[in-house]
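Remarks on the structure that follows.
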RNA sequence: GCCCGAGUGGCGGAACGGUAGACGCGGUGGCCUCAAAAGCCACUGCCCUCCGGGGCGUGUGGGUUCGAUUCCCACCUCGGGCACCA
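Residue numbers (our numbering): 37 to 841.
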């Protein structure tokens with residue numbers, strides 16, 4: 037009797053061997069065809085949780101599968117180690133975020149190793165490493181030099197009590213500060229931005245060429261929010277020198293404009309407000325500025341309170357008629373021109389406002405017969421529009437209206453984006469410092485390369501004031517100007533941590549490069565990432581920023597010019613849920629993987645994650661989960677006994693077992709390609725059941741072990757070594773022989789009027805005539821025909837015959 | 001409100017337009033054992049049955065088709081994303 041399967045012993049042995057042998061280290065000059073697999077590098081929050089396990093199980097499967105297929109697989113890993121949790125923990129413990137972060141990384145890395153996920157750890161990147169900070173900062177200065185980084189005023193949440201900026205998450209729903217309880221208000225502050233909008237068109241257009249989940253592409257398209265329309269001027273009535281510029285996507289409806297609206301923050305507001313309305317307008321502006329973001333953006337609430345009349349009129353250039361100008365909170369300064377022409381008949385927001393303020397409504401598109409709705413935004417013939425009347429569709433009318441505006445010199449075609457520039461300033465300590473100094477003489481000066489990295493000092497006091505200790509650190513703050521040598525002040529803001537993750541995949545190609553952030557030759561070789569794997573929660577921000585960085589770095593000659601997109605294929609795995617909500621540390625409902633690593637082992641836990649359902653779907657962690665994991669462990673023990681000769685004896689029909697093995701190869705290979713791991717596991721279980729029933733052959737068992745290698749790598753390695761010697765992971769991925777993989781007989785299903793009435797075993801090569809004859813000869817079929825003549829017989833040999841009466 | 005995605009046994013889930021429920025969990029029965037654990041074998045959608053079989057079944061209602069879980073239309077429920085973007 038061979039010894040029982042001891043997962044902990046087997047797993048420790050092979051993990052040590054893979055590390056010692058550097059099995060999954062890959063050099064940049066490796067001659068094999070390249071393949072770059074990347075799981076999103078994690079924020080180190082402590083030991084791995086089930087979401088990590090799921091992510092790295094899929095990633096590791098691909099690494100091992102592609103390696104067996106003969107590729108040089110680049111599989112790097114690192115840690116997104118800057119961020120607020122470490123800063124808060126440090127404040128709480130009155131320590132520094134670094135030791136805290138390093139400890140969390142050690143824990144997470146430890147559980148990744150125990151999972152048996154293999155990486156080229158020589159390439160490890162940590163965002164808080166001074167070397168990575170340096171290159172992050174070099175890139176920032178290049179962005180600055182090329183107009184991709186700039187400083188501008190931006191509204192922020194300001195807490196007067198804490199004297200600091202708050203993140204949206206730190207503002208309570210009632211608009212007060214979560215720490216001090218003071219009323220938070222919006223205030224303009226100088227902040228750093230990256231000009232991602234320069235790439236808006238390319239970010240949108242290149243989505244088409246990506247092999248990404250459709251829903252992620254849709255989310256990105258919506259986020260970019262490209263809309264085509266026109267911009268034109270509305271002269272103020274009686275003051276033709278003052279004009280209000282508006283943006284509209286529906287210039288065809290211009291004859292239906294019955295009023296105009298400015299955003300409350302619009303610069304022309306004070307100029308055009310009449311004396312009689314001054315008090316009301318001031319009152320309204322004051323109220324809007326105090327409204328929290330949430331209130332302002334809510335569609336709830338009485339429409340009557342949402343606007344105010346300025347007392348002024350503007351002239352509709354289309355028909356020369358004056359219309360009143362209002363301020364309304366539903367018009368935003370940040371989009372378009374911050375002013376609109378309002379056409380209540382064809383815009384629901386305008387309709388609601390018009391109703392509340394008793395403004396006229398004029399339809400310019402004929403709604404379909406029986407239309408009972410309010411604003412009509414669909415297609416239809418133009419009405420009430422003078423020279424636009426008679427046009428029967430919106431698209432033509434739009435084009436005609438824009439042409440007219442351009443001919444008259446009143447306005448022009450215009451494309452607007454919802455996408456805003458990326459605000460990267462964070463008033464935080466535990467992040468990459470922005471490498472800039474402010475000099476009274478030279479203004480904003482980038483820190484020169486030879487003085488990088490700018491690293492935050494260690495002798496800081498982490499205080500619960502909400503302020504970055506960098507601000508209070510005189511030694512850091514006061515410096516000299518790199519240009520004039522005079523006294524200057526350092527920027528104390530740090531960069532958004534999304535900056536760190538926007539190019540790490542490029543650095544992985546050659547993390548040893550001491551000259552440049554990205555080694556272009558190495559990046560040329562490995563990029564783009566062939567398979568990127570991560571959570572759907574990064575569908576917009578991280579993936580958008582990384583796409584932006586890749587394009588910008590290419591244009592600045594900091595990355596290969598030909599690589600415009602970082603991630604060729606993207607797979608987004610489902611979330612782990614428990615009791616209806618996402619399993620997470622903050623919700624306190626984590627089920628630690630360690631407990632399963634200690635009991636059933638890593639392979640069984642990996643198998644569970646592969647088997648439980650389609651990888652893209654969410655997983656519910658329930659009372660039953662424990663039993664399913666136990667079931668996976670049971671299967672592995674079954675394989676163990678089978679492989680070591682303790683299960684069934686040799687097959688009476690060895691050729692039949694071998695043919696089944698070839699079918700298994702075909703099935704698992706196909707399932708791997710289409711991310712159907714749950715059915716691949718099911719096929720292996722089914723095959724194992726078959727061997728238990730009909731007996732084994734060496735080829736059948738070896739095949740099973742080889743196919744399991746990417747899924748349960750330790751067990752497969754151990755069994756292969758005991759049976760054959762050497763490493764299963766060095767074996768080539770098996771090829772199915774199509775001849776042998778053919779089934780020796782198939783079930784012909786015979787239906788009468790679409791209902792199954794008989795099943796007959798037939799030769800797979802059976803032809804239509806023979807199948808029909810066989811079906812009609814069936815006693816059961818005859819019984820159901822009851823003497824009637826078939827009207828029609830549909831034969832789809834060898835699987836089906838349908839007799840229609 | 002708009003945009004996605006999903007509704008299949010007691011449960012997780014299978015199913016190029018062609019046998020609905022693979023595989024697993026749970027359950028039932030049997031074998032092994034002094035007993036238990038482990039293991040092995042069989043059965044397991046619902047209803048009816050004269051045990052031959054028959055009927056009903058993939059959220060609801062229609063449609064296309066010889067045939068629909070699959071394609072089309074409408075609706076319901078749940079989950080997610082964006083939320084006044086002119």
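Every residue gets a Cβ at the ideal spot worked out from N, C-alpha and C, and that includes glycine.
Alpha carbon of residue i to alpha carbon of residue j, nearest angstrom
i	j	result
residue 444	residue 354	10 Å
residue 710	residue 102	14 Å
residue 895	residue 416	No information on residue 895 is available, as it lies outside the stretch 37 to 841 that the chain covers here.
residue 371	residue 460	20 Å
residue 571	residue 386	39 Å
residue 566	residue 192	39 Å
residue 195	residue 217	9 Å
residue 712	residue 745	16 Å
residue 731	residue 677	13 Å
residue 226	residue 180	15 Å
residue 737	residue 595	48 Å
residue 320	residue 344	7 Å
residue 394	residue 388	10 Å
residue 228	residue 458	8 Å
residue 219	residue 197	9 Å
residue 243	residue 831	44 Å
residue 233	residue 497	38 Å
Beta-carbon proximity of residue i to residue j, cut-off 8 Å
i	j	result
residue 184	residue 136	no
residue 602	residue 701	no
residue 260	residue 454	yes
residue 106	residue 73	no
residue 296	residue 350	yes
residue 609	residue 64	no
residue 614	residue 657	yes
residue 835	residue 782	yes
residue 154	residue 99	yes
residue 265	residue 381	no
Residue i, DSSP secondary structure in three states
i	result
residue 545	coil
residue 90	helix
residue 514	strand
residue 835	coil
residue 808	helix
residue 582	helix
residue 194	strand
residue 71	strand
residue 567	strand
residue 731	coil
residue 224	strand
residue 36	The chain is shown only over 37 to 841; residue 36 falls outside these bounds and no answer can be derived.
residue 849	Residue 849 cannot be examined here, being either before or after the span of the chain that is shown, 37 to 841.
residue 767	coil
residue 645	helix
residue 458	strand
residue 50	helix
Beta-carbon proximity list for residue i, same chain, < 8 Å, skipping 5 on both sides
i	result
residue 83	143, 144, 146, 147, 628, 629, 630
residue 62	108, 109, 110, 111, 156
residue 776	694, 695, 698
residue 598	560, 590
residue 42	none
residue 724	671, 674, 675, 678, 740
residue 170	488, 489
residue 626	85, 86, 619, 620
Contacting residues, own chain, Cβ-Cβ under 6 Å from residue i (five flanking each side not counted)
i	result
residue 669	636, 640
residue 538	581, 582, 585
residue 448	442
Same chain, Cβ closer than 7 Å to residue i, neighbours up to 5 away in sequence not counted
i	result
residue 574	76
residue 576	255, 256, 259
Closer than 7 Å: residue i CB and nearest the ligand GTP heavy atom
i	result
residue 309	No copy of the ligand GTP occurs in the structure displayed, which carries no ligand at all.
Does the stretch 246-266 come within contact of the stretch 392-406, defined as at least 3 CB pairs closer than 8 Å? no
Is the stretch 819-836 in contact with the stretch 778-798, if contact means three or more CB pairs nearer than 8 Å? At 8 Å Cβ cutoff, the stretches touch.
For the stretch 742-762 and the stretch 799-817, state whether three or more C-beta atom pairs, one from each stretch, are separated by less than 8 Å. Segments in contact, no.
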